[in-house]
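K.L.:
Protein chains in written order, with full-length UniProt numbering: chain C, 1 to 282; chain R, 1 to 282.
1. Which of helix, strand or coil does DSSP assign to residue 201(C)?
2. Kindly list, in the order they appear in chain C, the residues whose Cβ is closer than 8 Å to that of residue 158(R).
3. DSSP on residue 245(C), reduced to helix/strand/coil?
4. For residue 189(R), write down the residues that DSSP places opposite it in a beta bridge.
5. Note the first and the last residue of the continuous alpha helix (DSSP H) segment covering residue 277(R).
6. Mind listing which residues of the segment 126-139 of chain C have their C-beta closer than 8 Å to chain R's C-betas, in chain order?
7. Does any C-beta atom of chain R lie closer than 8 Å to the C-beta of residue 141(C)?
8. Could you check whether the Cβ of residue 183(R) sits closer than 8 Å to any Cβ belonging to chain C?
9. If you count every other CB in all the chains shown that lies within 10 Å of the CB of residue 93(R), and 16 or more means buried, which is it?
10. In the structure shown, what three-state DSSP assignment does residue 69(C) receive?
11. Taking the C-alpha atoms as reference points, what is the distance between residue 48(C) and residue 38(C)?
12. To which residues does DSSP link residue 233(C) through a beta bridge?
13. Please decide whether residue 169(R) counts as near chain C, where near means a Cβ-Cβ distance under 8 Å.
14. Would you grab the beta carbon distance between residue 63(C) and residue 268(C) for me? Rounded to a whole angstrom, and I think it's under 8 Å.
15. Work out the CA separation of residue 239(R) and residue 91(R) for me, nearest whole Å.
16. Which residues in the same chain have their Cβ closer than 8 Å to the Cβ of residue 203(R), if we skip the five residues on either side of it in sequence?
17. Comparing the C-beta of residue 120(R) with each C-beta of chain C, is any distance below 8 Å?
18. Given residue 15(R), which residues of its chain have a CB within under 6 Å of its CB, disregarding the five upstream and five downstream residues?
19. Would you tell me roughly how many angstroms separate the C-alpha atoms of residue 130(R) and residue 184(R), rounded to the nearest one?
20. Answer with buried or exposed for residue 190(C), where buried requires no fewer than 16 other C-beta atoms within 10 angstroms of its C-beta.
21. So residue 258(R) and residue 6(R) are supposed to be a Cβ contact under 8 Å. How far apart are they, rounded?
22. Between which two residues does the alpha helix (DSSP H) carrying residue 94(R) extend?
23. What does the alpha-carbon distance come out to for the pair residue 112(C) and residue 125(C)?
24. Mind checking whether the beta-carbon of residue 178(R) lies closer than 7 Å to any heavy atom of the ligand ZN?
25. Measure the CB-CB distance between residue 248(C) and residue 218(C) and report whether it falls below 8 Å.
26. For residue 38(R), report the span of its beta strand (DSSP E) as first-last.
27. Residues of the segment 94-116 of chain R in Cβ contact with chain C at a cutoff of 8 Å, in chain order, please.
28. To which residues of the same chain is residue 158(R) closer than 6 Å at the C-beta, ignoring the five residues directly before and after it?
29. I believe residue 65(R) touches residue 36(R) by the beta-carbon criterion, under 8 Å. Please report the beta-carbon distance rounded to the nearest angstrom.
30. With a CB to CB cut of under 7 Å and the five nearest residues on each side skipped, what residues in its chain are close to residue 229(C)?
31. Select from the segment 188-221 of chain C all residues with a C-beta closer than 8 Å to any C-beta belonging to chain R, and list them in chain order.
32. How about residue 11(C) and residue 152(C): are their beta carbons less than 8 Å apart?
33. Is residue 11(C) close to chain R, meaning its C-beta is less than 8 Å from at least one C-beta of that chain?
34. Output, in sequence order along the chain, the residues in the segment 18-49 of chain C whose CB is closer than 9 Å to any CB in chain R.
35. Work out the CA separation of residue 30(C) and residue 273(C) for me, nearest whole Å.
36. Comparing the C-beta of residue 123(R) with each C-beta of chain C, is any distance below 8 Å?
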């Protein structure tokens with residue numbers, strides 16, 4: 001074990017504490033409490049757990065949280081209408097639609113019903129393009145949290161070879177765009193990639209976002225690499241073989257306690273940002 | 001010289017002829033002529049030439065073209081208003097804002113005034129995200145034309161290593177997303193990339209989109225690579241050393257006569273698409 005741990009817990013706590021102070025002064029000086037509306041469709045146990053965790057953290061940060069629970073048999077049209085109502089509600093600053101929604105729903109249509117100014121989870125097409133083009137907007141929370149974690153650990157990104165394994169719309173794709181915006185050379189690898197090993201062997205920075213337990217082995221990594229594990233599989237197992245990575249890499253995120261807390265911290269921070277933008281016409 | 005030429009001229013002509021037939025039947029059966037509005041700000045000679053070329057091709061394809069010329073000193077607000085008027089005009093199906101606009105103008109703001117349903121040049125944030133996420137929308141014309149050219153030459157994309165050199169919002173970035181959507185493993189290289197040579201040496205497919213004459217040399221390429229030159233520099237010179245590439249690669253686009261005609265063909269095709277979508281409520 002030679003790598004250093006990149007823990008997200010302490011950094012996330014700092015971010016949430018700063019959110020709490022900002023939320024407090026918004027309330028004291030302007031009578032406004034940042035409000036995050038969470039929409040949960042169905043009762044998938046993992047989603048229920050995530051939502052509960054996010055609501056607890058919101059409360060700690062002085063953010064009002066509103067929960068809209070809809071039955072599993074909700075139609076796309078009903079969900080779109082519910083989300084749109086929140087987009088139109090001046091008392092709501094941020095909207096989180098818990099992913100995934102039941103398979104019969106057009107999730108993209110539901111995401112697009114989130115007003116870009118309230119898209120604190122960074123899931124809309126607008127937010128994605130804003131990340132890609134360096135325009136004002138919200139980051140997808142996990143990729144945004146990963147950049148914060150890398151920065152906090154002094155990881156140089158410019159000119160370095162970053163390999164993103166996975167290409168989902170709210171994780172892999174925006175992750176690559178944020179790294180590219182920071183001048184990394186970015187490679188997207190995925191299920192159809194033929195020679196993943198050669199890409200990993202050359203990668204200064206690896207972000208694993210595949211959702212397959214211990215998919216990336218220590219021996220795959222370049223010695224001294226920076227390894228971010230954005231996977232979270234049953235049994236608290238990431239997408240990276242943690243022990244193997246610790247032997248070969250320079251910096252490794254733990255699972256849990258790495259990327260997860262950063263995701264929530266960025267969600268809360270962006271909710272406070274959203275409230276401030278409305279209040280101060282930013 | 002061993003590579004085969006990937007000419008765009010003949011394929012573009014076929015696409016434009018098909019556009020002409022579709023436009024003709026729209027007119028005969030529904031009394032509608034597809035209409036493309038082009039906005040040209042200032043009188044940069046290259047831009048004037050491009051616009052003239054696009055208008056000539058439009059005429060050949062039976063597409064009405066409307067030209068909005070604005071003086072070089074147009075403000076962002078004035079340009080946004082002019083573009084928005086076209087977005088609101090039911091007689092206009094497609095809008096092309098000739099890039100680049102004078103430096104004092106916020107080009108992104110002007111692009112975003114194009115309604116997504118009329119963004120036949122594929123420059124809006126919506127279109128970019130649609131390309132990235134496989135959602136309905138228009139492709140950026142040059143990347144879209146390149147995919148068509150590769151398909152016409154039977155180039156397998158799935159699982160192959162594609163290197164995009166350049167990361168502009170209307171060329172490099174959407175090019176990578178379209179290749180990723182076709183299951184290529186995609187690397188974005190750019191001015192800060194440290195070891196471009198090693199990326200090029202491993203690339204099955206190279207798209208050069210840097211705007212530097214003969215920046216990529218034949219010796220940089222993997223033998224048997226597919227080389228697409230999206231550069232167009234003064235003196236009809238691309239971003240790739242053509243003679244060198246022809247010696248080493250399997251397929252190479254000429255400059256001119258490669259990517260250029262495809263760009264215009266896709267622009268016209270998407271204009272006809274836009275007119276049909278309005279007419280048939282697609």
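For glycine and all other residues, C-beta sits at the position ideal for the given N, C-alpha and C. Here the structure is a predicted model, which is why all the values come from computation and not from measurement.
P.N.:
So, from the listed chains and residues:
1. Residue 201(C) sits at position 201 when you count from the first residue of the first chain. The answer is helix: DSSP assigns residue 201(C) an H, G or I state.
2. Numbered from its first residue, the second chain carries residue 158(R) at position 158. Those are 192, listed as they occur along chain C.
3. In the first chain, counting from the first residue as 1, residue 245(C) sits at position 245. Reduced to three states, the DSSP call for residue 245(C) is helix.
4. As a first step, residue 189(R) must be located in the second chain, where it is residue number 189. BP columns for residue 189(R) point to 165(R).
5. Taking the first residue of the second chain as 1, we reach residue 277(R) at position 277. Looking at the DSSP string, the run of the alpha helix (DSSP H) that includes residue 277(R) is 259-279.
6. 126, 128, 129, 130, 132, 133 and 135
7. Your numbering for residue 141(C) matches position 141 in the first chain. Not an interface residue.
8. Position 183 of the second chain, counted from the start, is the residue given in the question as residue 183(R). Yes, residue 183(R) lies at the interface with chain C (some Cβ there is under 8 Å from its Cβ).
9. The count along the second chain starts at 1 and reaches residue 93(R) at position 93. Under this definition residue 93(R) is a buried residue.
10. Looking up residue 69(C) in the first chain gives position 69. If DSSP states are grouped into helix, strand and coil, residue 69(C) belongs with the strands.
11. Locating residue 48(C) in the first chain gives position 48, where the first residue counts as 1. Locating residue 38(C) in the first chain gives position 38, where the first residue counts as 1. One C-alpha to the other measures close to 11 Å.
12. The count along the first chain starts at 1 and reaches residue 233(C) at position 233. Partner(s): 237(C).
13. To locate residue 169(R), count along the second chain from 1; it is residue 169. True, the Cβ-Cβ gap to chain C drops below 8 Å.
14. In the first chain, the residue the question calls residue 63(C) occupies position 63. In the first chain, the residue the question calls residue 268(C) occupies position 268. That pair is a contact at about 6 Å.
15. On the second chain, position 91 is the one that residue 91(R) refers to. On the second chain, position 239 is the one that residue 239(R) refers to. Roughly 39 Å separates the two Cα atoms.
16. Walking along the second chain from the start, residue 203(R) turns up at place 203. Result list for residue 203(R): 161, 162, 163, 187, 221, 222 and 225, in chain order.
17. Your numbering for residue 120(R) matches position 120 in the second chain. Closer than 8 Å: no.
18. Counting from 1 along the second chain, the entry for residue 15(R) is found at position 15. The residues are 265 and 269.
19. For the purposes of this step, residue 130(R) is taken as residue 130 along the second chain, with counting starting at 1. For the purposes of this step, residue 184(R) is taken as residue 184 along the second chain, with counting starting at 1. If I take the Cα positions, the gap works out to 18 Å.
20. For the purposes of this step, residue 190(C) is taken as residue 190 along the first chain, with counting starting at 1. Residue 190(C) should be labelled buried.
21. As a working note, residue 258(R) is residue 258 in the second chain. As a working note, residue 6(R) is residue 6 in the second chain. Sure, about 6 Å apart at Cβ, within 8 Å.
22. The residue you call residue 94(R) lines up with position 94 of the second chain. Segment 94-97 is the beta strand (DSSP E) holding residue 94(R); no alpha helix (DSSP H) there.
23. Counting from one through the first chain, the residue named residue 112(C) turns up at place 112. Counting from one through the first chain, the residue named residue 125(C) turns up at place 125. Near 7 Å, if we compare the C-alpha coordinates of residue 125(C) and residue 112(C).
24. Looking at this structure, you won't find the ligand ZN or any other ligand, since it has none at all.
25. The residue you call residue 248(C) lines up with position 248 of the first chain. The residue you call residue 218(C) lines up with position 218 of the first chain. Contact: yes.
26. Here residue 38(R) is taken as the residue at index 38 of the second chain, counted from 1. Looking at the DSSP string, the run of the beta strand (DSSP E) that includes residue 38(R) is 35-41.
27. 108
28. For the purposes of this step, residue 158(R) is identified with residue 158 of the second chain, where counting begins at 1. For residue 158(R), where only same-chain residues beyond five positions count, the Cβ hits under 6 Å are 183.
29. By 1-based counting over the second chain, the position of residue 65(R) is 65. By 1-based counting over the second chain, the position of residue 36(R) is 36. Yes, residue 65(R) and residue 36(R) are in contact; Cβ-Cβ is about 5 Å, under 8 Å.
30. Translated into positions along the first chain, residue 229(C) becomes position 229. 208, 238, 239, 240, 253, 255, 258 and 259.
31. 188, 189, 190, 192, 193, 194, 195, 198, 199 and 202
32. Stepping through the first chain from its first residue, residue 11(C) is reached at position 11. Stepping through the first chain from its first residue, residue 152(C) is reached at position 152. Yes, these two residues count as a Cβ contact at 8 Å.
33. In the first chain, residue 11(C) corresponds to position 11, counting from 1. Closer than 8 Å: no.
34. none
35. In the first chain, the residue the question calls residue 273(C) occupies position 273. In the first chain, the residue the question calls residue 30(C) occupies position 30. Approximately 15 Å, taken between the alpha carbons.
36. Within the second chain, numbered from 1, the residue matching residue 123(R) stands at position 123. Chain C contact via Cβ: absent.
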